[in-house]
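> Residue numbers (our numbering): 875 to 1062.
Note that the Cβ used here is the ideal one computed from N, Cα and C, for glycine as well.
The following block contains the structure, expressed as structure tokens.
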Amino acid sequence: MSVVVIVIIVAVLFVAFAAAMYNALVRLNQQSDEAWSDITVQLKRRYDLIPNLVNAVKGYASHEKTVFEDVTKARTSAMNADGVAETAKADNMFQQTLKSLFAVAEAYPDLKATENFQQLSGEITDTEDKIQASRRFYNGVVRDFNSKRKTFPTNIFAGMLGFKTDKEFFELDEAQTATVQNPVEVKF
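Structural data, given as structure tokens:
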């Protein structure tokens, strides 16, 4: 075999290998974008349910103005958050105010007995489950992307191929981690 043929074979193999690495990174990048979109859809669904929940509680506990204002501010802040880290931080704050709203509702047995409140609580619980599932899927894809980007030999070419930085995980704060490990029990 001549040197030219060997050089051509090596060049073709190199290009094929680089293309395979690039395609794998693009696929994982697209999956993480799609997974992030799934999270934002579920967050929006939850944010859309909150005004109805606030109004239901307000009908029974109108004197709890501070709680309603805090929930509304946290909801607005969370809806306006941009990026993974900012969204996670705003969502963590929102979760804390939502707990306050449910604590107020606990003090009113008549409210908890209403069909509207029970339906809203059920929808919020369902949405929370979907958010957790979406978060787990997103973080799994981010883990795969970051691992692929950092492992040899992909790490040599990742920067040249336009994948210079890791993706951010959607992380829970310490209070939410404790809540996940010891979930709040909702009683009706």
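1. Pull up the distance between the alpha-carbon of Lys-986 and that of Gln-916, whole angstroms please.
2. Quick one: residues in its chain with C-beta nearer than 7 angstroms to the C-beta of Asp-1018, no 5 flanking neighbours on either side, listed in chain order?
3. Is DSSP giving Gly-957 helix, strand or coil here?
4. Going by C-alpha distance, which of Lys-1038, Ala-1032, Lys-1041 and Glu-1045 is nearest Ala-898?
5. Expressed to the nearest angstrom, what Euclidean distance is found between the alpha-carbon atoms of Ser-850 and Phe-968?
6. Answer yes or no: do Ile-1005 and Ile-924 have a C-beta to C-beta separation smaller than 8 angstroms?
7. Would DSSP call Leu-902 helix, strand or coil?
8. Would the stretch 979-998 count as touching the stretch 922-938 if we require 3 or more Cβ pairs under 8 angstroms?
9. For Phe-1062, does the count of other Cβ atoms within 10 angstroms reach 16, so buried, or fall short, so exposed?
10. Using only the alpha-carbon positions, how far apart do Thr-940 and Thr-971 sit?
11. To the nearest angstrom, how far is the alpha carbon of Pro-983 from that of Met-895?
12. Just the Cα atoms here: how many angstroms apart are Thr-961 and Arg-919?
13. Thinking C-alpha only, which one of Phe-942, Ala-955, Trp-910 and Thr-950 is nearest Leu-975?
14. Determine the DSSP secondary structure at Ala-1032, reduced to helix, strand or coil.
Concretely, from the data shown:
1. For the purposes of this step, residue 986 is taken as residue 112 along the sequence shown, with counting starting at 1. For the purposes of this step, residue 916 is taken as residue 42 along the sequence shown, with counting starting at 1. So the two alpha carbons sit approximately 24 angstroms from each other.
2. For the purposes of this step, residue 1018 is taken as residue 144 along the sequence shown, with counting starting at 1. So the qualifying residues of the chain are Leu-902.
3. One-based indexing of the sequence shown puts residue 957 at position 83. Coil, per DSSP.
4. Within the sequence shown, residue 898 is the residue found at index 24, counting from 1. When each option's Cα is compared against that of Ala-898, the closest is Ala-1032.
5. Summary: the structure shown does not reach residue 850, with the chain confined to residues 875 through 1062, and so no result is reported for it.
6. To locate residue 1005, count along the sequence shown from 1; it is residue 131. To locate residue 924, count along the sequence shown from 1; it is residue 50. For Ile-1005 and Ile-924, no; Cβs fall outside 8 angstroms.
7. In the sequence shown, the residue the question calls residue 902 occupies position 28. If DSSP states are grouped into helix, strand and coil, Leu-902 belongs with the helices.
8. yes
9. Residue mapping note: residue 1062 aligns to position 188 of the sequence shown, counting from 1. Only weak support is given to the placement of Phe-1062: the predicted model assigns it a pLDDT of 47, under 50, and the value that follows is read from those uncertain coordinates. Exposed: under 16 other Cβ atoms inside 10 Å.
10. Stepping through the sequence shown from its first residue, residue 940 is reached at position 66. Stepping through the sequence shown from its first residue, residue 971 is reached at position 97. Spanning the two alpha carbons is a distance of roughly 10 angstroms.
11. Numbered from 1 along the sequence shown, position 109 holds the residue referred to as residue 983. Numbered from 1 along the sequence shown, position 21 holds the residue referred to as residue 895. Roughly 59 angstroms between the two C-alpha positions.
12. Taking the first residue of the sequence shown as position 1, residue 961 is located at position 87. Taking the first residue of the sequence shown as position 1, residue 919 is located at position 45. Answer to the nearest angstrom: the Cα atoms are 15 angstroms apart.
13. Translated into the one-based positions of the sequence shown, residue 975 becomes position 101. When only C-alpha atoms are compared, the closest one is Phe-942.
14. If you number the sequence shown from 1, residue 1032 lands on position 158. In this structure, Ala-1032 counts as helix in the three-state DSSP scheme.
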